[in-house]
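Residue numbers (the working numbering): 10 to 583.
These notes are about the structure you will find just below.
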RNA sequence: GGGCGAGUGGCCUAGACUGGAUAUGGCAGCAGCCUCCUAAGCUGCAGGUCCGGGGUUCGAAUCCCCGCUCGCCCGCCA
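This is how it looks when you write it as structure tokens:
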């Protein structure tokens, strides 16, 4: 368990304030807020007490201020505008924060190791084409959340449920088998398997609509598949596997590697989906209509046209959500906490799934993180209609742009080194730009924003890190100094205050699943570092040098940690 | 028609769950800063009916109600 430098201060305020309140006859949990740092470090609003004590908030604040003397940890306690304000002892904060970071290094901010096994399902895009930037929001949210949870001490397994069942993948497989390559235009001229195969899928879709013979063949194949024909199932799986290879390659390029892949067809082949059907049929909520079975979920808060959840077709075959239930029952055995990262279109399906799991008397339930779709300025993306920006193209563009920037300023580096840095920057810019926005906000993809390398962006943070490395590289060996008297500049104090907030930020991102706060925080650290850098010399600063080098090293560890939570590389030069 | 989510300067965005002091940053714009640790940077200026209207409250971007706009869903698809 790492140190949270702010915790002793919070504890102190809770103690002395609680005591002061009790002496005034108020028994309550002490809740204080964190105001603008220019005002105070911590603040207690006295307004809610006005009614209880029948006094003006100002008077209450004055009275509290009179009761509380400054302490070793709190250098100033004062009343202002109906608040009781606290200023922490800055010297104490400097020593504690720098001391904690330098001794804990990459573990600073990490949570205590936990035994709760987390199974985080993300990505799970249909393998009918290359992953596009709309769907890329899923792996980026999922991977970032996984990293934040791991930082908090959770053992996390990430998993992709591969949809190798159903009309889409059957159609893809039919297309690969029957469409002549002369009729196919691939997604791009690259040799990547998913870019090659998607053309067959798109052409097959066209043929399906225009040619009744094709419709017949596909229906036939689908029927064989639904009846469990192992040959057909195997063929479809083989095609999706090829497509998935391409998708995996794209994911790897943006730094997303999943731990496990589970194939949906497995739950048909091993009979577990069938078992779900049989169990559901026994429930009092189950009804049958022309051979098709459904659950009436009106007592589960689902009403109207949505209340009937069909779990079999009239021919007895299973439906997607039924197989998803089998998958979840399987996950229950392997984990203590399940998190699913899903597109907002999945909400109803998940509501059905949650209700159905309750009907089966299952106590566990997955927790879901939903995200809104990314659209293009001209509208929604669609692989089928070829209205898309593929992730591969975005990555290429980002790396090219980054390469231009690196070449402009670093004539000294080898071509290979410049390429490596460009990859780290390009990939980072994409990840940062998508993760910085709250998942539930709709996002319109714009090239100029996705390729932003300034201000609130990954390169801004990476650059701050590289600056730290550069100074430390030039400094060579030095002796750490945590002497607050040597770190008195306002920009030094501000930077230290920000560094002290890292453990709390990590907790928020992981425990509250609010990963978009990490880019906000990382930008804040980088910004504080850049201001410090601009105004305070480090090298050749005489008696201050060791203390400032210590601060630079501390900033480097925190920047590195933040970048790591975000899945961004921390280049030492750029 | 019903359900869910979002609406914050020209554009993007934090804050909302847990109401509290002058609403956070960035992009674009304007004006400055490289004899000094990488200017992907720093400083300053300008820019706001927090979608609209009611309500609750000492106090509302935040909570409640009504409406508007946008997205998603309402298949024996996945």
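Every residue gets a Cβ at the ideal spot worked out from N, C-alpha and C, and that includes glycine.
_Let's test the definition: count the other Cβ atoms within 10 Å of the Cβ of residue 336 and tell me whether it reaches 16, buried, or not, exposed._
buried
*Is the beta carbon of residue 504 sitting closer than 7 Å to the one on residue 541?*
yes
*Uninterrupted beta strand (DSSP E) stretches inside the stretch 61-91 (no shorter than 3 residues)*: 83-89
_Cross-strand partners of residue 351 (DSSP beta bridge)_ = 379
*Are the stretch 358-369 and the stretch 279-294 touching, with three or more C-beta to C-beta distances below 8 Å?*
yes
*Considering only residues of the stretch 102-156, which uninterrupted beta strand (DSSP E) runs meet the minimum length of 3 residues and lie entirely inside it, listed in chain order?*
127-130
*When burial is assigned at 16 or more other CB atoms within 10 Å of the CB, is residue 41 buried or exposed?*
buried
_Can you confirm whether the stretch 386-406 touches the stretch 130-146 when touching is taken to mean that 3 or more C-beta pairs between the two stretches lie within less than 8 Å?_
yes
*Quick one: what does DSSP say residue 522 is sitting in, helix, strand or coil?*
coil
_Environment of residue 34 [buried if 16+ CB atoms lie within 10 Å]_ = exposed
_Option nearest residue 511 by Cα separation, candidates 464, 568, 220 and 539_ = 568
*In the DSSP assignment, what are the bridge partners of residue 388?*
385
*Whole beta strand (DSSP E) elements within the stretch 260-293, 3-residue minimum*: 269-272
*Of all the alpha helix (DSSP H) runs that stay within the bounds of the stretch 478-565, which reach a length of 4 or more residues?*
499-509, 511-520 and 526-544
*So, are the CB atoms of residue 173 and residue 271 less than 7 Å apart?*
no
*Enclosing alpha helix (DSSP H) for residue 364 [first to last residue]*: 356-368
*Specify the secondary structure class of residue 41 as computed by DSSP and reduced to three states.*
coil
*With DSSP run on the structure shown, which of helix, strand or coil describes residue 171?*
strand
_According to DSSP, is residue 320 part of a helix, a strand, or is it coil?_
coil
*asked:* Let me check understanding here. Comparing Cα to Cα, which of 77, 117, 327 and 99 lies closest to residue 514?
replied: 117
*asked:* For residue 275 and residue 191, what's the separation of their Cα atoms in angstroms?
replied: 35 Å
*Report the residue from 105, 548, 78 and 24 whose alpha carbon sits nearest the alpha carbon of residue 493.*
105
*Selection from 292, 171 and 82 that minimises the alpha carbon distance to residue 252*: 171
*Evaluate the contact criterion for the stretch 174-193 versus the stretch 253-270: three or more CB pairs, one atom per stretch, below 8 Å.*
no
*asked:* Looking at the strands, I want to know which residues DSSP matches up with residue 54.
replied: 92
_Nearest by alpha-carbon distance to residue 446: which of 524, 384, 220 and 464 is it?_
524
_Under the three-state DSSP convention, the category residue 15 falls into_ = coil
*Would you be able to state if there are at least three C-beta pairs under 8 Å between the stretch 522-536 and the stretch 434-448?*
yes
*Straight-line CA distance for residue 408 to residue 432?*
5 Å
*Would you grab the beta carbon distance between residue 102 and residue 14 for me? Rounded to a whole angstrom, and I think it's under 8 Å.*
6 Å
*What are the start and end residues of each continuous beta strand (DSSP E) run of 3 or more residues lying completely inside the stretch 166-210, in chain order?*
none
*Which stretch, first to last residue, makes up the alpha helix (DSSP H) that contains residue 337?*
329-343
_Buried or exposed for residue 453, going by 16 or more other Cβ atoms inside 10 Å?_
exposed
_Anticipated Cβ contact below 8 Å, residue 479 with residue 438, distance rounded_ = That pair is no contact at about 21 Å.
*Looking only at C-alpha atoms, which of 362, 207 and 152 sits nearest to residue 267?*
152
*Rounded to a whole number of angstroms, what is the C-alpha to C-alpha distance between residue 387 and residue 394?*
13 Å
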